[in-house]
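Undergrad: Line by line, the protein sequences are chains S and H. Residue numbers for the first sequence follow this note's numbering, beginning at 1 and rising by one. Residue numbers for the second sequence follow this note's numbering, beginning at 1001 and rising by one. We put the CB at the ideal spot given by N, CA and C, even for glycine. Note that the structure is a prediction, hence the values are computed from the model and not measured.
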Amino acid sequence: QQQVKQSPQSLIVQKGGIPIINCAYENTAFDYFPWYQQFPGKGPALLIAIRPDVSEKKEGRFTISFNKSAKQFSLHIMDSQPGDSATYFCAAINNAGNMLTFGGGTRLMVKP
Amino acid sequence: ETGVTQSPTHLIKTRGQQVTLRCSSQSGHNTVSWYQQALGQGPQFIFQYYREEENGRGNFPPRFSGLQFPNYSSELNVNALELDDSALYLCASSLKTGGPYNEQFFGPGTRLTVL
């Protein structure tokens, strides 16, 4: 059962472009939404996270937009660089705080 | 500060065998979670251990079992291996403080291949 749906599966942008990755969730018990970045051969690393009482959060070149009523959230990467080429996962966790539910992942390639 | 480490990095087993994967938590962390990541998919939660007790379990059969030791390191055991168990197994440690969410830090994973 996929409780967090992520799109697109893959994305190619030119350097400086703004890739956008979208996620939708079903479980209203989710109350924390992190994004992870994973490079080949590495484990996922936390990039940025948001709570549903906030509509937008920015950290450096990364921005999360959150729409609680639509149960959707998205990641924008400003001024993307070739070093941002990685797989990105959205995730959600409930207030028990023990189980991360991940989306299917988006493989991003930023061309020089 | 030492990050999360896992061993071995790669492992090849045959169907029906048993396997043990190991994880050392990041220094100061008291909670360990295990995830299975099939090729091209997102990680799926197997279970979490806190203070040597299971603290939540995902949709995995009982042949997936675990342990947490007093030093907070952990083992994942899988019995009667099946071909579909081939995956990257990720361990994540965190410090449970009583707050609503404690960031989980992931290790590099163990790549298990079942033939």
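Can you grab the Cα-Cα spacing for the pair ASN1102(H) / LYS1096(H), in whole Å?
TA: For the purposes of this step, residue 1102(H) is taken as residue 102 along the second sequence, with counting starting at 1. For the purposes of this step, residue 1096(H) is taken as residue 96 along the second sequence, with counting starting at 1. Whole-angstrom Cα-Cα distance: 6 angstroms.
Undergrad: Within its chain, find whatever has a CB closer than 7 angstroms to the CB of GLY16(S); leave out the 5 residues flanking it on each side and keep chain order.
TA: The residue given as residue 16(S) occupies position 16 in the first sequence. If we look at GLY16(S) and ignore the five residues flanking it on each side, its Cβ neighbours are ASP79, SER80.
Undergrad: Return helix, strand or coil for LEU1081(H), following the three-state DSSP convention.
TA: In the second sequence, the residue the question calls residue 1081(H) occupies position 81. Coil.
Undergrad: In this structure, what does DSSP give as the bridge partners for ILE50(S)?
TA: On the first sequence, residue 50(S) is found 50 positions in, with the first residue counted as 1. DSSP output for ILE50(S) lists PHE33(S) as bridge partner(s).
Undergrad: If you count every other CB in all the chains shown that lies within 10 Å of the CB of PRO1043(H), and 16 or more means buried, which is it?
TA: To locate residue 1043(H), count along the second sequence from 1; it is residue 43. That one is buried.
Undergrad: Quick one: which chain H residues come within Cβ less than 9 angstroms of LEU46(S)?
TA: Stepping through the first sequence from its first residue, residue 46(S) is reached at position 46. Neighbourhood of LEU46(S) in chain H, by CB distance below 9 angstroms: GLU1103, GLN1104, PHE1105, PHE1106, in chain order.
Undergrad: If you run the structure through DSSP and keep just helix, strand and coil, what is GLN1(S)?
TA: Stepping through the first sequence from its first residue, residue 1(S) is reached at position 1. A caution first: GLN1(S) carries a pLDDT of 49, below 50, which makes its placement in the model too unreliable to give a value.
Undergrad: When burial is assigned at 16 or more other CB atoms within 10 Å of the CB, is HIS1010(H) buried or exposed?
TA: Taking the first residue of the second sequence as 1, we reach residue 1010(H) at position 10. Exposed: under 16 other Cβ atoms inside 10 Å.
Undergrad: Once you ignore the five residues that flank SER7(S) on each side, which residues in its own chain have a CB closer than 7 angstroms to its CB?
TA: Residue 7(S) sits at position 7 when you count from the first residue of the first sequence. Around SER7(S): ASN22.
Undergrad: Which word fits PRO44(S), buried or exposed, when buried means at least 16 other C-beta atoms lie within 10 angstroms of its C-beta?
TA: Position 44 of the first sequence, counted from the start, is the residue given in the question as residue 44(S). Counting C-beta atoms within 10 angstroms of its own C-beta, PRO44(S) has 16 or more neighbours from the protein chains shown and is therefore classed as buried.
Undergrad: Is the stretch 1044-1062 of chain H touching the stretch 1004-1022 of chain H, taking contact as three or more C-beta pairs under 8 angstroms?
TA: Taking 8 angstroms as the limit for Cβ pairs, the verdict is that the stretch 1004-1022 of chain H does not touch the stretch 1044-1062 of chain H.
Undergrad: At what residue ranges does the stretch 1015-1046 of chain H contain a whole run of the beta strand (DSSP E), taking only runs of 3 or more?
TA: Listed in chain order, the complete beta strand (DSSP E) runs (minimum 3 residues) inside the stretch 1015-1046 of chain H are 1019-1024, 1031-1037.
Undergrad: How close, in whole Å, do the beta carbons of ILE20(S) and SER74(S) come, if the pair is a contact with beta carbons under 8 angstroms?
TA: Walking along the first sequence from the start, residue 20(S) turns up at place 20. Walking along the first sequence from the start, residue 74(S) turns up at place 74. So it is a contact: roughly 6 angstroms between Cβ atoms.
Undergrad: If VAL1032(H) sits next to GLN1068(H), beta carbons under 8 angstroms apart, how far is it from one beta carbon to the other, in whole angstroms?
TA: Within the second sequence, the letter at position 32 stands for residue 1032(H). Within the second sequence, the letter at position 68 stands for residue 1068(H). The pair is a contact, with the Cβ atoms about 6 angstroms apart (cut-off 8 angstroms).
Undergrad: Exposed or buried, ASN27(S), counting other C-beta atoms within 10 Å across all chains shown (16 or more means buried)?
TA: Here residue 27(S) refers to the residue found at position 27 of the first sequence. Per the 10 Å Cβ criterion, exposed.
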